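Q:
In my numbering, the protein residues as written are 2 to 140.
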């Protein structure tokens, strides 16, 4: 994986990603809300990786939230308890926190440790995962 760092405005970048998902949320009558700091922060990171993470989180939140539900994205900049050393003379004293909440089916507690394993899926019946769908009846 090649990391491509760039300095970009936090609100503008997060807002653009959220806007991508607005039409998908509207199709299911899902309220999609986002909040981030009023003060504009310029963040040096690999924005393509941040976009991929947020797109995965939003896609799953919308997919597993029932019609008429809610998805909330909260972005915050927090002081780190311990700066991350980047060079001999420079340290990072802030953390970027992305929080996505929804009122979907959730992940049972017994699977919380496993969700970070590559390709892990919860073995729940389809009708429990997507109760609002009729399916197309392929056999």
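Each residue gets a CB set at the ideal place from its N, CA and C atoms; glycine is no exception.
From a predicted model like this one, the values you see are computed outputs, not experimental measurements.
Identify the continuous alpha helix (DSSP H) that holds residue 121 and give its terminal residues.
A: Segment: none, residue 121 is in no alpha helix (DSSP H) and carries neither H nor E.
Q: Going by DSSP in three states, residue 25 sits in which element: helix, strand or coil?
A: Helix, per DSSP.
Q: For residue 107, is the classification buried or exposed, using 16 other Cβ atoms within 10 angstroms of its Cβ as the cut-off for buried?
A: Residue 107 should be labelled exposed.
Q: In whole angstroms, what separates the C-alpha of residue 11 from that of residue 109?
A: So the alpha carbons of these two residues sit roughly 32 Å apart.
Q: Can you give me the C-alpha to C-alpha distance between residue 97 and residue 61, rounded to a whole angstrom?
A: The alpha-carbon atoms of residue 97 and residue 61 are separated by roughly 21 Å.
Q: Just checking my contact of residue 67 with residue 105 at CB under 8 Å: how many whole Å lie between their CB atoms?
A: At roughly 7 Å, the Cβ-Cβ gap stays under 8 Å, so residue 67 and residue 105 are in contact.
Q: By the DSSP assignment, the alpha helix (DSSP H) with residue 58 in it spans what residues?
A: Start and end: 48 to 64.
Q: Can you list, in chain order, the residues of its chain whose CB lies under 8 Å from that of residue 26, leaving out five sequence neighbours each side?
A: Excluding residues within five positions, the ones whose Cβ falls inside 8 Å are 32, 33, 63, 72.
Q: When we look at the beta-carbon of residue 55 and count the other beta-carbons within 10 Å, is it buried (16 or more) or exposed?
A: So residue 55 counts as buried.
Q: Per DSSP, what are the beta-bridge partners of residue 1 in this structure?
A: Coverage of the chain is limited to positions 2 through 140, which leaves residue 1 absent and any answer about it impossible.
Q: Check whether the Cβ atoms of residue 95 and residue 78 sit closer than 8 Å, and answer yes or no.
A: Cβ distance < 8 Å, so residue 95 and residue 78 count as in contact.
Q: Would residue 7 and residue 37 qualify as a contact pair, given that the criterion is a beta-carbon distance under 8 Å?
A: Not a contact, by the Cβ cut-off of 8 Å.
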